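Worksheet for the structure shown next.
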Amino acid sequence: MNQNKIALITGGSRGLGKDMALSLAKRNIDVGITYVSRKTEAENVVNEIIALGQKATALYFDAEDVSQIDAFGDNLLTMLGENWGVESLDFLIHNAGIGTAIPLTETTMDEFDRFSNIHLKTPYFLTQKLIPMLNENGAIVFVSSGSTRVAVPGYSLYAPMKSAIETFSRYVAKELGSKGIRSNVIAPGAIESDFNNGANRDDESKEVFIKNSTALNRTGMPDDIGSVVAFLCSDDAKWVNGQRIEASGGWFL
Numbered sequence: 000m001n002q003n004k005i006a007l008i009t010g011g012s013r014g015l016g017k018d019m020a021l022s023l024a025k026r027n028i029d030v031g032i033t034y035v036s037r038k039t040e041a042e043n044v045v046n047e048i049i050a051l052g053q054k055a056t057a058l059y060f061d062a063e064d065v066s067q068i069d070a071f072g073d074n075l076l077t078m079l080g081e082n083w084g085v086e087s088l089d090f091l092i093h094n095a096g097i098g099t100a101i102p103l104t105e106t107t108m109d110e111f112d113r114f115s116n117i118h119l120k121t122p123y124f125l126t127q128k129l130i131p132m133l134n135e136n137g138a139i140v141f142v143s144s145g146s147t148r149v150a151v152p153g154y155s156l157y158a159p160m161k162s163a164i165e166t167f168s169r170y171v172a173k174e175l176g177s178k179g180i181r182s183n184v185i186a187p188g189a190i191e192s193d194f195n196n197g198a199n200r201d202d203e204s205k206e207v208f209i210k211n212s213t214a215l216n217r218t219g220m221p222d223d224i225g226s227v228v229a230f231l232c233s234d235d236a237k238w239v240n241g242q243r244i245e246a247s248g249g250w251f252l
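Take 0 as the starting number for the sequence shown in numbering that gives the first Met the number 0 and just add one per residue.
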């Protein structure tokens with residue numbers, strides 16, 4: 000019996016991460032997800048994946064605390080052994096993130112450091128830590144943002160971190176290509192979720208603005224993103240590498 004492929008998604012208890020996990024499970028991929036404070040929600044996602052016929056588990060990991068990376072890698076290795084009887088995984092999806100609109104004139108160094116840790120430093124060094132655990136011919140997916148292409152007031156802190164991740168992803172593709180490991184970026188547009196305090200979902204005037212600036216004339220939903228991530232982790236995307244794929248419905252074309 001062949002071993003199912005295994006994916007790890009950081010920040011998988013809700014929103015985009017949850018839909019990524021379910022979309023991967025529908026492609027017969029087992030999934031590990033991480034959470035910070037929403038353990039119950041993470042366990043619910045695990046149960047939904049199991050109901051789809053795949054194995055799943057949830058691990059605590061705070062992407063803001065870069066000092067946790069080594070210990071997390073050890074915990075992940077233990078979890079893989081206990082749940083799958085292996086010491087490696089196939090796919091790594093860097094989804095954990097936070098968002099808020101902060102004017103440039105009001106951004107503090109503490110906020111800068113927090114965003115940097117979560118969106119850049121942790122993805123960089125977690126990738127480094129897990130390289131020995133990634134199977135050949137696997138894939139890494141980084142989550143960026145449409146705000147790296149279109150300047151959105153209030154995102155001067157968030158967007159540059161994501162721009163750095165887009166550059167980093169290309170270097171990962173170059174350096175891990177000899178192992179057949181692909182590295183790509185998905186850049187969501189405006190999605191109705193809890194992200195940024197649910198602004199795209201709950202602010203009616205913002206929703207109207209997004210619809211009017213999007214070719215498909217609607218805001219995005221989490222299931223518009225998860226299926227693209229699942230594609231990038233499939234053999235259908237075996238020749239897609241080092242790319243930024245924007246999933247925004249045609250935002251500001």
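The beta-carbon is built from N, C-alpha and C at its ideal position, and this holds for glycine as well.
From a predicted model like this one, the values you see are computed outputs, not experimental measurements.
Which of helix, strand or coil DSSP assigns to THR115: Checking the displayed sequence, the identity of residue 115 turns out to be Ser instead of Thr. Looking at SER115 - three-state DSSP - the assignment turns out to be helix.
Coil, strand or helix - VAL35 by DSSP: coil
Counted within 10 angstroms of its Cβ, other Cβ atoms place PHE251 as buried (16 or more) or exposed: exposed
DSSP three-state assignment for GLY145, whether helix, strand or coil: helix
Ordered list of alpha helix (DSSP H) runs contained in the region 138-188, each at least 4 residues: 157-175
Alpha carbon of GLY137 to alpha carbon of ARG181, nearest angstrom: 7 Å
Secondary structure of THR77, DSSP reduced to three states: helix
Within 7 Å, strictly: CB atoms of ASN94 and GLY188: no
Bounding residues of the beta strand (DSSP E) (the contiguous stretch that carries PHE230): No beta strand (DSSP E) holds PHE230; the alpha helix (DSSP H) holding it covers 222-231.
Contact check, TYR157 vs GLY98, beta carbons under 7 Å: yes
Opposing strand residues paired with VAL30 [DSSP bridges]: ALA6, ALA55
Contact under 7 Å by Cβ, ILE244 with ILE185: yes
Proximity test, Cβ basis, 7 Å: LEU51 and chain C: In summary, chain C is missing from the structure at hand, where a single protein chain is found.
Closest residue to ASN3 among VAL85, GLY145, GLY248, VAL227 (Cα-Cα distance): VAL85
Per-residue DSSP class, three states only, for MET0: At MET0 the pLDDT is 47, less than 50, meaning the model places this residue with poor confidence and gives no usable figure here.
Nearest-angstrom Cα separation, counted from ASP235 out to GLY72: 29 Å
Same chain, Cβ closer than 6 Å to GLY10, five either side skipped, listed in chain order: GLY16, ASN94, ALA95
Coil, strand or helix - ASN240 by DSSP: coil
Beta-carbon gap between ALA229 and SER87 smaller than 7 Å: no
The alpha helix (DSSP H) enclosing LEU129, as first and last residue numbers: 121-129
Pick from ALA70, GLY241, ARG13 that is closest to GLU191, judged by C-alpha positions: ARG13
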